[in-house]
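See below for the structure under consideration.
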Amino acid sequence: ARSPSSLSDYPELAKQDGSAARQEMSHGAVPAMEKQSIELGPRRESKQNQQNEDATHYEEPILTKIIVERYEGEKVRGLYEGEGFAVFQGGCTYHGMFSEGLMHGQGTYVWADGLKYEGEFVKNIPMNHGVYTWPDGSTYEGEVTHGVRQGFGMFKCGTYPVSYIGHWCHGKRHGKGSIYYNQEGTSWYEGDWVYNIRNGWGIRCYKSGNIYEGQWENNMRHGEGRMRWLTANEEYTGQWEKGIQNGFGTYSWFLKRIPNSQYPLRNEYVGEFVDGYRHGRGKFYYASGAVYEGEWVSNKKHGMGQLTF
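Under the numbering used here, think of the first position of the sequence shown as 1, with each following residue one higher.
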C-alpha cells in the first residue's frame, strides 16, 4: 500500500490586504490642490502570495497489492469473515470488519508512515464516509469515493491554522466551499472553486479587514467585482484583470459625513482604468462640487478635458 506525502498549503505568511493599485486622494476639495500618491504595497498579487493562499494539496491514499502477512480473527470457509486484524506486506495494518476475505464495513487502515483512515470500506476500497489523519496532525472528515475525497467534507491542517469546509471532487476543492487562513477567522474566502483554484464568484476577507466580493479567475480578482478598503474608507466597483483594476469602474474616496445627512462627503472617479491607474476617459467628482471630465494618463489629467466648478 502506498501512502501520500502530507503536503499542505500555507496560510498568508506575507501581508496581503487586497491593496492592489489603491490610489489615495487628499481631502482637499479644490482641484488645483489635488494631491495624489500610490499606496506602498503590492500592486499585483505575487506568485508567492498566491501559493500562500492555496491550501490542502496532497495525494490521496491508494491501496495496492494488499498482501496479508498475518491475520488474527474469524474465518468462514477459509476466508476472513467478521471482525479481524491484519498485517500487510510493507507494514500497513487493518483492524475492522471483513467479508468473504475482503475489508468490508467499518474499519481502520494504518499506513506504514502513520497515515490513518477510519471509516467505511467496500470490498477493500474506502467508500462513503471516513476520516483521514496525517502524521503531521492534518485531518479530513467527510465523504469518500474509491478512496478519494468526493462530495462534502472538512479539512484541517495540522501545521498551520488553515481549514476548509465544502465540496470536493477527485480529491480537490471543487464547487462551493469556505477556507479560513487564521485561527481568528478574520482571513477567509467563501465561494466557488474549480480543482483547488478560486474560479467563479466569491468573497475574500483579508486580515486587515479589507474585503473583495466578485468574480475570480485562477486565484485572482478577475471580471466584475467590488473592493472595499474599510480602514481607508475607499471603494472600487468595476472591472478587474489578473488582480488589478482594468477596464471601466468607479472609485470613491469617502471623506466625512455631511452634517444632518446619512451621506458622506467623497471624491469619486468614474471611468477607465489601465493597470490600476486612472487612464483613458473619465469623470472626477470632487467633494466641493467641482467636476472634471476628460482624458487621463497614469492617474493624471492629460490631454483634452473640461473642469466645471
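Heads up, the beta-carbon is just placed ideally off N, CA and C, and yes, glycines get one too.
In this model, residue 174 and residue 157 are separated by some 18 Å (Cα to Cα). For residue 266, the CB contacts under 7 Å within the same chain, skipping 5 residues up- and downstream, are 252, 253, 254, 255 and 287 in chain order.
Burial state of residue 112 is exposed, judged by a 10 Å Cβ sphere holding fewer than 16 other Cβ atoms. Looking from the CA of residue 184, the closest CA among 309, 197, 297 and 161 belongs to 161.
Here residue 155 is buried, its C-beta having at least 16 other C-beta atoms within 10 Å. A distance below 6 Å between beta-carbons, with the five flanking residues on each side excluded, links residue 285 to the following residues of its chain, in chain order: 268 and 291. Counting along the chain, residue 190 sits inside the beta strand (DSSP E) bounded by residues 188-194. Of all alpha-carbon atoms in 308, 283 and 289, the one lying nearest the alpha-carbon of residue 297 is that of 283. Between the alpha carbons of residue 276 and residue 153 lies a distance of about 38 Å. Shown here for residue 163: same chain residues with a beta carbon closer than 6 Å to its own, the five before and five after excluded, namely 156 and 180 in chain order. If you check the CB distance, residue 273 and residue 246 come in under 7 Å.
The DSSP-derived three-state label of residue 245 is strand. With a cutoff of 7 Å on beta-carbon distance, residue 151 and residue 141 are scored as not near each other. For residue 207, the CB contacts under 6 Å within the same chain, skipping 5 residues up- and downstream, are 186 and 187 in chain order. The criterion of a C-beta distance shorter than 7 Å is satisfied by residue 243 and residue 220.
Counting only residues of its own chain and dropping the five nearest sequence neighbours on each side, residue 104 has a CB closer than 7 Å to the CB of 97, 98, 121, 122 and 123.
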